[in-house]
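Structure, as structure tokens:
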Amino acid sequence: MAHWAASACRFVAAVMTVGTCLSQGEVRAQEPDVGAPTLLAMPGESTAYPNGTFGEQLSAASGPADYPVGGPGYRPGAGRRDDWLVGPHWRVTVDGVVLSRGEADLAAILAEVEPIAPAVALPPLEFYNNFDHAAGARVLLTSEYPQFAGYELQVGYLGAEKWTANAYWEEEPITAGDIAGMQRRQLVYDSRFHSGEINFQKMTPGYLKPFAGVRYIAFGESVSDINKQYTNVILPDPDITVPGDSLSSILAQQSNGVEVDNNLIGFQSGLRLDMWRPTRRLHLTGFVSAGVYCNFIDRDRVSSSTVTVTTKETVVDDDNNTPLDPNDDTRSIDTTTNSLTTNVATSADGTRIAFTTEASLAATWRLSNTTALRGGYQAQFLGGVELAENLWTAPPPITAESDELFLHGWFAGIEYRR
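Structure, rendered in structure tokens:
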């Protein structure tokens with residue numbers, strides 16, 4: 002009976018709700034005019050949860066049928082002015098980016114590479130490649146949370162891993178102990194960029210929306226001079242008839258380099274062009290921003306060396322303890338391998354003031370009320386950073402040098418709105 006009574010009450014309440022809606026007329030969703038922004042600041046607050054928590058609103062959005070709306074958790078509802086319990090509005094953009102950075106002065110970097118004794122000159126350069134493009138991603142999540150507070154919360158990420166410039170020289174023969182070997186010299190210059198940000202964007206009735214927040218940028222570089230020795234032959238056995246006879250091979254792997262990590266922590270502010278609509282389906286978005294940061298810099302000069310010695314030796318086992326009679330001896334080849342690795346790192350940390358400016362413009366083509374395709378171009382300038390090439394080429398005594406970096410490139414992705 003209790004279950005039947007509860008069901009009857011729900012049915013009566015539903016009938017009364019439908020009657021009220023019909024008596025007041027149908028409320029249609031308002032379609033923004035062409036040329037108008039689609040995200041407007043809506044005054045007032047929800048009578049359903051005037052002080053509701055984020056969890057309560059999401060629970061209401063995905064609750065069972067006894068909620069005022071119910072239904073699936075991603076149901077968009079009627080908008081900001083309604084009393085439907087649909088949870089905070091949010092939107093997310095996920096883009097793949099192709100970023101280009103300025104070329105390195107490889108000629109100056111290669112000039113610092115010296116031959117390894119006993120050679121007096123480097124072999125001819127065989128391959129040479131400067132920085133080009135790097136693939137990465139940009140993700141931006143925007144939510145009207147807390148609701149009716151007059152601003153939106155934004156969380157974003159931008160990163161690219163990695164740019165690479167490199168060069169290597171022709172192989173050259175070496176003497177690796179008792180056998181012939183080869184060695185190849187290579188120089189590798191790596192660069193990487195990652196950033197995360199949290200912004201608060203003001204809700205305004207116009208196209209332009211100011212925002213401000215905090216941002217962390219990790220920009221690191223390394224230059225490595227690598228020399229690899231190897232052999233294409235097997236170490237032969239020594240003379241089995243000569244006790245104690247031995248042959249050995251000696252191969253070394255060497256690496257010298259510098260590493261610079263820029264860790265920028267600071268504040269940024271900017272202006273966002275939020276969804277201006279030239280047509281019903283085509284939207285234009287973009288932003289400009291600038292920030293001031295404290296750059297915590299880690300500088301390291303590192304070297305690593307691994308030497309591997311392989312020895313084969315004729316070993317005699319005197320079975321009858323008669324050293325004057327070699328006919329009763331057992332002879333074998335004993336092979337041993339020894340390796341020694343040495344790593345040395347010298348660090349010199351510091352701080353300096355850095356700044357950034359950034360701009361982006363995107364065109365968005367709406368596929369549905371919730372989904373759109375987007376593509377555009379972005380550019381970013383960083384000042385007050387340190388580059389690995391300056392630490393590599395600077396003559397002693399080395400002085401820290403501030404430099405600049407310009408990143409730019411295309412992006413394309415998808416946008417989803419709830």
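Taking our numbering, the leading residue of the sequence shown gets 2, the next gets one more, and so forth.
A virtual CB, placed ideally from N, CA and C, is assigned to each residue, including glycine.
Does DSSP classify residue i as helix, strand or coil?
| i | result |
| --- | --- |
| Asn228 | strand |
| Val35 | Confidence in Val35 is poor, its pLDDT being 44 and thus under 50, which makes the residue's placement too unreliable to answer from. |
| Ala389 | helix |
| Leu123 | coil |
| Ile117 | coil |
| Ala136 | strand |
| Ile110 | helix |
| Thr400 | coil |
| Thr336 | strand |
| Thr394 | helix |
| Glu416 | strand |
| Asp350 | coil |
| His195 | strand |
| Gly207 | coil |
| Glu314 | strand |
| Gly157 | strand |
| Leu368 | coil |
| Ala373 | strand |
| Glu359 | strand |
| Ala291 | strand |
| Ala380 | strand |
| Gly410 | strand |
Are residue i and residue j touching if we call contact CB-CB under 8 Å?
| i | j | result |
| --- | --- | --- |
| Gly377 | Phe412 | yes |
| Arg300 | Val243 | no |
| Phe356 | Tyr294 | yes |
| Leu285 | Ala364 | yes |
| Asn344 | Ser305 | yes |
| Phe212 | Gln255 | no |
| Leu236 | Thr337 | no |
| Trp366 | Arg278 | no |
| Ser247 | Glu314 | yes |
| Glu416 | Gln381 | no |
| Arg185 | Glu198 | no |
| Leu272 | Phe288 | yes |
| Glu104 | Phe132 | yes |
| Ile399 | Arg332 | no |
Return the Cβ separation of residue i and residue j in integer angstroms, given the expectation that the two are a contact with Cβ distance under 8 Å.
| i | j | result |
| --- | --- | --- |
| Ser192 | Glu222 | 5 Å |
| Phe220 | Val386 | 6 Å |
| Leu388 | Asp404 | 5 Å |
| Asn228 | Ile110 | Asn228 to Ile110, Cβ: 16 Å. No contact. |
| Phe128 | Tyr169 | 5 Å |
| His90 | Gly410 | Going by Cβ atoms, the distance from His90 to Gly410 rounds to 30 Å, so no, they are not a contact pair. |
| Phe201 | Tyr231 | Rounded, the Cβ-Cβ distance is 57 Å, inconsistent with contact. |
| Arg92 | Thr143 | 5 Å |
| Leu141 | Thr94 | 5 Å |
| Ala166 | Asn130 | 6 Å |
How would you call residue i, buried or exposed, if buried means at least 16 neighbouring beta carbons within 10 angstroms?
| i | result |
| --- | --- |
| Ile354 | exposed |
| Asp335 | exposed |
| Leu383 | buried |
| Asn233 | exposed |
| Ile1 | An answer regarding residue 1 cannot be provided, because it is not within the stretch 2 to 419 covered by the chain. |
| Leu188 | buried |
| Asn296 | buried |
| Leu252 | buried |
| Asp96 | buried |
| Pro206 | exposed |
| Leu428 | Nothing can be reported for residue 428, as the shown portion of the chain is limited to 2 through 419. |
| Pro396 | exposed |
Within 8 Å of any Cβ in chain D, is that where the Cβ of residue i sits?
| i | result |
| --- | --- |
| Ile199 | Looking for chain D here will not work: only one protein chain is present. |
ask   = What are the complete beta strand (DSSP E) segments, minimum 3 residues, inside the stretch 210–286?
value = As far as the stretch 210–286 is concerned, its whole beta strand (DSSP E) runs of at least 3 residues are 247–277.
query = Which residue spans inside the stretch 167–192 form an unbroken beta strand (DSSP E) run of at least 3?
reply = Runs found: 173–177.
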